[in-house]
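Chains as they are written, first to last, in our numbering: chain P, 34 to 231; chain W, 34 to 231.
Protein chains: 2
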Amino acid sequence: MQQKGTLMVVSGPAGVGKGTVVKRACELSEGKIHLSISATTRAPRPIDCEGVTYYFKTKDEFREMIANNQVLEWAEYVGNYYGTPRKPVEDALSRGLDVILEIEVQGAMQIKKNFPDAVLTFIAPPSYEELEKRLRGRGTETEEQILSRLETAKGELALMGEYDYIIVNDEIEQASRDIITVLRADKLTKHFYFKNEQ
Amino acid sequence: MQQKGTLMVVSGPAGVGKGTVVKRACELSEGKIHLSISATTRAPRPIDCEGVTYYFKTKDEFREMIANNQVLEWAEYVGNYYGTPRKPVEDALSRGLDVILEIEVQGAMQIKKNFPDAVLTFIAPPSYEELEKRLRGRGTETEEQILSRLETAKGELALMGEYDYIIVNDEIEQASRDIITVLRADKLTKHFYFKNEQ
Chain P
34 MQQKGTLMVV
44 SGPAGVGKGT
54 VVKRACELSE
64 GKIHLSISAT
74 TRAPRPIDCE
84 GVTYYFKTKD
94 EFREMIANNQ
104 VLEWAEYVGN
114 YYGTPRKPVE
124 DALSRGLDVI
134 LEIEVQGAMQ
144 IKKNFPDAVL
154 TFIAPPSYEE
164 LEKRLRGRGT
174 ETEEQILSRL
184 ETAKGELALM
194 GEYDYIIVND
204 EIEQASRDII
214 TVLRADKLTK
224 HFYFKNEQ
Chain W
34 MQQKGTLMVV
44 SGPAGVGKGT
54 VVKRACELSE
64 GKIHLSISAT
74 TRAPRPIDCE
84 GVTYYFKTKD
94 EFREMIANNQ
104 VLEWAEYVGN
114 YYGTPRKPVE
124 DALSRGLDVI
134 LEIEVQGAMQ
144 IKKNFPDAVL
154 TFIAPPSYEE
164 LEKRLRGRGT
174 ETEEQILSRL
184 ETAKGELALM
194 GEYDYIIVND
204 EIEQASRDII
214 TVLRADKLTK
224 HFYFKNEQ
């Protein structure tokens, strides 16, 4: 029985630490998790690296990807496109790897609609106050940006109920192990059992 | 936030090794799992121990327990009553312990109906042939009993789809860890999150 991997969406507000948690979970999985790399039309920044942080595309290229059904989900954000290239995800899943998409809530809702087997996981802060503290703590944003991110966070937290699992990121190591737990639990659901039996 | 524990039902055909798996999971949990002890009206056998293998009751006592709503589920089997005393389970849950009920499918269906938050887990054999091999291997039953248990197993396996999780007991240690995984995953579901937030 060749089990297909689990498609997991991870979302959460800016500053909650989801990138760190996902990266650590990937390490803990010892090569069993593939992290999806998004495509975007925004200009590369100094810390960016093609194919590592993003696949950088022109707007025409991106629109062609959409037209050819080559993205699993996509959204427009501040005048740029962001999306998940389909092929690397499908290849990894069919090799039995679990795949994590670290994407925004709008993209997550598209995945939920189109891939009912996907597992939607939300990384929540212990509290709204703690989120604010973490955002200020990282010192990478202006006050205006912080307030804007906190405003966005409210909308994101309101959509938590659309997710299957909610992992409170109180402590990175525990939250990362919880990602691993959810991926394993998914393979123990009756749904997964009967899907793979056929 | 005082989280109530998870109520987990574990069922599976005779010979699948569910008793061993549940006991091992209990050890792995380091005291966080309470194993429920059933009450029965059947006569104690030499290996039985009051309050350890069962609580032994007269039929009148058992009927009174039913009448007073003191059992979570009960069934009649070969002329005897079997059931789960309510109080020890509720006490353990409210102390934050997870509680495992190792019960038959009929009892499991009663729990599912009355406790929608309960997590139903079925321990399945890797195959029907392997189950037969294990049953014969333990050498505690007559041929007639083995055939009868295999016949019962068919009915039980047919009800697997009523359970939330299916753990294939290929290897005891892995199956035991899977019980722990399911108990943790339950506490990461959005349902659990919102239940405890209120």
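Ideal placement from N, C-alpha and C gives every residue a C-beta, glycine not left out.
Remember, predicted model here, so these are calculated numbers, not experimental data.
- In its chain, beyond the 5 residues on either side, G84, V85, T86, Y87, Y88, P118 and P121 have a beta carbon closer than 8 Å to the beta carbon of W:I70.
- Around the C-beta of P:S181, fewer than 16 other C-beta atoms lie within 10 Å, and the residue is accordingly described as exposed.
- Listed along chain P are K223, each with a C-beta nearer than 7 Å to that of W:Y196.
- The three-state secondary structure of P:N229, taken from DSSP, is helix.
- Straight across, the Cα-Cα distance linking W:V215 with P:V152 is about 15 Å.
- Excluding its 5 nearest sequence neighbours in each direction, P:R171 has C-beta neighbours in its own chain below 7 Å: G48, listed in chain order.
- When only Cα atoms are considered, P:D124 and P:V104 end up about 13 Å apart.
- If you look at P:M41, you'll find it isn't in any alpha helix (DSSP H); it sits in the beta strand (DSSP E) that goes L40 to S44.
- Our two residues, P:D93 and P:A72, have alpha carbons roughly 13 Å apart in a direct line.
- If you draw a 10 Å sphere on the C-beta of W:V111, you find fewer than 16 other C-beta atoms in it, and that means exposed.
- W:M98 is outside the set of residues whose beta carbon lies under 8 Å from a beta carbon in chain P.
- P:V55 is positioned such that its CB atom lies no closer than 8 Å to that of P:I144.
- Partner residues in the beta bridge of P:F155, as assigned by DSSP, are P:S44 and P:I199.
- Using a CB distance cut-off of 8 Å, W:I156 does not count as an interface residue toward chain P.
- Around the Cβ of W:N102, a 10 Å sphere holds fewer than 16 other Cβ atoms; the residue is exposed.
- If you ignore the 5 residues before and after W:F148, its C-beta comes within less than 7 Å of the C-beta of L40, all in its own chain and listed in chain order.
- An exposed status is given to P:N229, since fewer than 16 other beta-carbon atoms sit within 10 Å of its beta-carbon.
- Residue contact with chain W for P:V43: absent (no Cβ-Cβ distance below 8 Å to any residue of chain W).
- Close partners of W:V215 in chain P (Cβ separation under 8 Å): A218 and L221.
- Within a 10 Å sphere around the beta-carbon of W:I212 sit 16 or more other beta-carbons, which makes this residue buried.
- At a beta-carbon threshold of 9 Å, the residues of chain P lying near W:I199 are L221, T222, K223, F225, Y226 and F227, ordered along the chain.
- Of the candidates P:K51, P:K220 and P:V201, the residue whose Cα lies closest to the Cα of W:F225 is P:V201.
- For P:D211, the nearest beta carbon of chain W is closer than 8 Å to its own beta carbon.
- Put simply, the stretch 183-198 of chain P touches the stretch 133-142 of chain P. At least three CB pairs are less than 8 Å apart.
- Pairing W:F227 with W:L192, the inter-Cα distance amounts to about 30 Å.
- In the structure shown, P:F148 adopts coil according to DSSP, grouped into three states.
- Under the 8 Å criterion on CB atoms, W:M142 is classed as non-interfacial with respect to chain P.
- P:T175 sits in coil when the DSSP states are folded into three classes, being neither helix nor strand.
- For W:I205 against W:R57, the beta-carbon gap comes to about 6 Å, under 8 Å, which counts as contact.
- The alpha-carbon of W:L68 is positioned some 23 Å away from that of P:K223.
- Residue pairing from DSSP places P:I133 in a beta bridge opposite P:M41 and P:L68.
- Counting the other CB atoms within 10 Å of its CB gives P:T154 a total of 16 or more, which places it among the buried residues.
- Taking C-beta separations shorter than 6 Å and ignoring five residues to either side along the sequence, the partners of P:S44 in its chain run V138, A141 and F155, following chain order.
- Judged by their CB atoms, P:K65 and P:D131 are nearer to each other than the 8 Å cut-off.
- Bounds of the beta strand (DSSP E) holding P:P118 are N113 to P118.
- The beta carbons of W:K51 and W:E135 sit closer together than 8 Å.
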